[in-house]
Amino acid sequence: MKALVYHGPGQKVWEEVPNPQIQQPTDAIVRMDTTTICGSDLHILKGDTPEVIDGRVLGHEGIGTIVSVGSAVHNFREGDRVLISCISACGRCEYCRKGMYGQCLNGGGWILGHLIDGTQAEYVRIPFADNSLYRVPEQLSNEQVLFLSDILPTGYEVGVLKGVVQPGQSIAVIGAGPVGLAAILTAQLYSPMRIIALDMIDARLEKARVFGATDAINNGQVDAVEAVRTLTDGLGVDVAIEAVGIPATFELTASLVRPGGRIANIGVHGKPVTLHLEQLWIRDVTITTGLVDTFTIPTLLRMVESGRLPAEKLATHRFALDQMMEAYDTFLNASQTNALKVVLNRA
Ligand code: NAD
Ligand code: ZN
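First residue of the sequence shown? That's 1 in my numbering, and the numbers climb one at a time after it.
Encoded structure:
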């Protein structure tokens, strides 16, 4: 089969590799029908993720059709159309029993396209298939549910739920990339009064408004702290969600929150960040962090089914699976192409 193979920092090739085989009775083999590329794949290609070895097939998102299952798989059979979670879950360890699949103790967590071969391929092996796949409702298209593999649960779980967004509140989302936009989309399920988007790229801020932000601030052009105070009776926001992952944006996020408010960090930080505890302690601020668990996929599937979550709006460019290299170029050059999420479909 063909797959997108990582060959060290900056090196990737769409090339022939052996087809995956069932290795454990709990495995399933899935033919990939639709997949996508994530910011995390770009991090791997930059060399930020040294645990990814030369020869690894990338990708941790997508929808496919089951072609075979191991003898211990009970929930799925050949022919089922399934959504693949970016997080694999043994389902039995202490953390999985609490829905914290990202922290799985038996070799699950974020492994796809990271520690084992992933979904940017014609076929993929899914470990712990019973707990790591979700049946796709018949009436929904692949594109409608594709982003439930990773970014929608990420924005929802690590941003909106950990931030405890409540009706009538003011929210700020720092970074209007796919993950920030997913937080903006799902925050609206809780009827906040204001959702303020911050980014340095105007095209991203326009997208944020389309996705439901009530206000947009270009923090490269104006004093964002001042602008947010003006919109929030001088207090700052109830919940500030960090969706970039650099020290400057974490500090900005922390400076936007009102006394008693919450900072929900989604961004993946590669460098130490300054925490101004000397300013925050007296203001009763709560800070949360997290790796997505994807425990909300069933809820999000129902929200898509009911028409309340237009997740497919994140798709901006479409390719055939074997146009993987072009798709990467488009996604990599998002500032020129205005790409949010690229969709790759089996021909
Ligand atoms: P992205 O790079 O596509 O988007 C980031 C956005 O931030 C862009 O629109 C960019 O213009 C904006 N930005 C950059 N610098 C800025 C600044 N100084 N001020 C304001 N805006 C700025 O990334 P994404 O795919 O949307 O992901 C966002 C973050 O979420 C990344 O750090 C990613 O690794 C992380 N992530 C976390 C989890 C998790 O489980 N916690 C899961 C997936 C992704
Ligand atoms: Zn991802």
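Using N, Cα and C, we set each Cβ at its ideal position, and we do this for glycine too.
Length of the line joining the Cα atoms of residue i and residue j
i      : j      : result
Val179 : Asp284 : 27 Å
Glu78  : Gly261 : 48 Å
Val124 : Pro167 : 41 Å
Leu7   : Phe295 : The question names Leu, but residue 7 in the sequence shown is His. His7 and Phe295: Cα-Cα distance of roughly 32 Å.
Leu112 : Ala213 : 32 Å
Gln21  : Asn345 : 22 Å
Asp215 : Arg209 : 7 Å
Phe128 : Val30  : 13 Å
Val222 : Tyr101 : 40 Å
One or two residues paired with residue i in a DSSP bridge
i      : result
Glu349 : Beyond the ends of the chain as shown, which are 1 and 347, falls residue 349; an answer cannot be given.
Val160 : Val160 is not bridged to any residue.
Glu51  : None; Glu51 has no bridge partner.
His317 : Val342
Arg135 : Val82
Residue j beta carbon less than 9 Å from that of residue i
i      : j      : result
Lys313 : Phe211 : yes
Lys98  : Tyr328 : no
Gly70  : Gln24  : yes
Ile174 : Ile184 : no
Leu161 : Ala311 : no
Val82  : Val136 : yes
Thr366 : Leu58  : This structure cannot speak to residue 366, because the chain is shown only from 1 to 347.
Assumed close pair residue i, residue j - CB separation to whole angstroms, cut-off 8 Å
i      : j      : result
Ala172 : Leu198 : 6 Å
Leu256 : Val225 : 6 Å
Gly62  : Ile84  : 5 Å
Buried or exposed by the 16-neighbour rule on C-beta atoms within 10 Å, applied to residue i
i      : result
Ser149 : buried
Asp293 : buried
Glu15  : exposed
Asn333 : exposed
Leu277 : exposed
Lys46  : exposed
Thr35  : buried
Thr230 : exposed
Ile53  : exposed
Trp110 : buried
Glu361 : Residue 361 lies beyond the stretch modelled for the chain, which goes from 1 to 347, so this question has no answer here.
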